[in-house]
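Engineer: Questions regarding the structure given below will be posed in turn.
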Amino acid sequence: MNTTRATSGLLFAILSAASLIACQPATEQADAPAAHVPEDFPPRAGNAATTPPEPASTQTRWRCDELLVATTHHDDIVELFFSGRTLQMPIAVSASGARYADDQGNEFWSKGDTAMLTLAGAPKRDCAVTQDTSPWEDARKRGITFRAVGNEPGWWVEVGSGDSPPLTAALDFGQRRIEVAQSQGISSTPGFGGKTADGTDVVLRIQDKPCADVMSGEQFEAGAELSVGDQVYRGCGARLGK
């Protein structure tokens with residue numbers, strides 16, 4: 001009799017404990033340790049706080065007949081640098097390739113390694129990709145602020161930067177070179193003047209108006225007159241310190 005009562009009591013205790021366990025809420029997974037995510041882990045796609053990087057501008061050099069041109073693309077605009085000039089054109093409609101044009105008759109149309117260039121309604125120039133750098137681009141990279149060229153005989157002059165910039169010129173098809181270590185501004189007209197090491201007077205006068213090369217017809221932003229002693233050289237140039 002006592003054994004039967006003890007067995008019944010034990011069975012009742014086991015059933016009660018089982019009932020209590022079944023009624024308890026399930027343990028949440030949040031109690032488990034979270035996986036470690038590095039701080040530099042890339043954000044998920046579509047994250048509103050993520051801004052895609054802007055495409056880097058690309059530069060290409062072209063030989064367009066006798067003209068060396070450097071093009072730089074910025075979104076929907078192309079910037080052309082040639083003969084010391086900078087020209088920007090917006091993108092335009094084209095059946096193929098990349099075409100840029102403005103209201104002044106300038107147009108640049110490229111497809112692969114070839115292109116066509118039209119400047120202010122002049123005849124089209126055929127262009128091809130080149131590794132050559134124009135002397136104007138090279139001068140700008142070297143910090144030259146003004147450069148001019150001329151013909152008959154061939155010559156060029158470059159003015160550096162600073163309050164007393166150096167002035168260097170190659171004359172008579174490069175057979176003669178001169179240098180003014182520290183040139184000064186002149187009062188009569190925009191330009192520079194000074195003396196070479198042997199005492200020769202040098203004066204460069206700049207006319208800020210359009211100028212065309214007498215032989216090639218190439219257009220420049222300024223005229224130039226270089227006096228070296230009694231000799232005078234005339235040509236065209238551009239201000240590069242922009």
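Under UniProt numbering, the first residue of the sequence shown carries the number 1, and numbering increases by one thereafter. Backbone N, C-alpha and C fix where the C-beta goes; we use that ideal spot for every residue, glycine too.
Which of helix, strand or coil does DSSP assign to Ala22?
Structural biologist: For the purposes of this step, residue 22 is identified with residue 22 of the sequence shown, where counting begins at 1. Low confidence applies here, because Ala22 scores a pLDDT of 45, under 50, leaving its location unreliable; read the following figure in that light. Of the three classes helix, strand and coil, the one that applies to Ala22 here is helix, per DSSP.
Engineer: Can you give the Cα-Cα distance for Val232 and Leu226, rounded to whole angstroms?
Structural biologist: Reading the sequence shown from its first residue, position 232 is the one you call residue 232. Reading the sequence shown from its first residue, position 226 is the one you call residue 226. Computed Cα separation, rounded: 6 Å.
Engineer: Quick check: the Cα distance between Leu68 and Gln175, rounded to an integer number of angstroms?
Structural biologist: The sequence position of residue 68 within the sequence shown is 68, counting from 1. The sequence position of residue 175 within the sequence shown is 175, counting from 1. The alpha-carbon atoms of Leu68 and Gln175 are separated by roughly 25 Å.
Engineer: With DSSP as the reference, please indicate the residues paired to Met89 in a beta bridge.
Structural biologist: Here residue 89 is taken as the residue at index 89 of the sequence shown, counted from 1. Answer is Val78.
Engineer: Where do the ends of the beta strand (DSSP E) carrying Ala238 lie?
Structural biologist: The count along the sequence shown starts at 1 and reaches residue 238 at position 238. From DSSP, the beta strand (DSSP E) with Ala238 extends over 231–239.
Engineer: Inspect the beta-carbon positions of Lys195 and Val203 and report whether they are closer than 8 Å.
Structural biologist: Taking the sequence shown and counting its residues from 1, one reaches residue 195 at position 195. Taking the sequence shown and counting its residues from 1, one reaches residue 203 at position 203. Taking 8 Å as the Cβ cut-off, Lys195 and Val203 do not qualify as a contacting pair.
Engineer: Just the Cα atoms here: how many angstroms apart are Gly112 and Ser94?
Structural biologist: Taking the sequence shown and counting its residues from 1, the one referred to as residue 112 is at position 112. Taking the sequence shown and counting its residues from 1, the one referred to as residue 94 is at position 94. If you take the alpha carbons of Gly112 and Ser94, they lie about 14 Å apart.
Engineer: Can you name, in chain order, every residue of its own chain whose Cβ lies under 7 Å from the Cβ of Gly223, other than the five neighbours on each side?
Structural biologist: Position 223 of the sequence shown, counted from the start, is the residue given in the question as residue 223. These residues qualify, in order along the chain: Gln207, Lys209, Cys211, Cys236.
Engineer: Please report the residue range of the beta strand (DSSP E) in which Lys195 lies.
Structural biologist: By one-based count along the sequence shown, residue 195 stands at place 195. Start and end: 191–195.
Engineer: Do you know whose CA, among Ser187, Ser183, Ile178, Gly154, lies nearest Asp172's CA?
Structural biologist: What you label residue 172 is simply residue 172 of the sequence shown in a count that begins at 1. Looking at the Cα atoms, Gly154 is the closest of the given residues.
Engineer: How big is the Cα-Cα spacing for Val214 and Thr60?
Structural biologist: Counted from its first residue, the sequence shown places residue 214 at position 214. Counted from its first residue, the sequence shown places residue 60 at position 60. Each residue's alpha carbon lies about 29 Å from the other.
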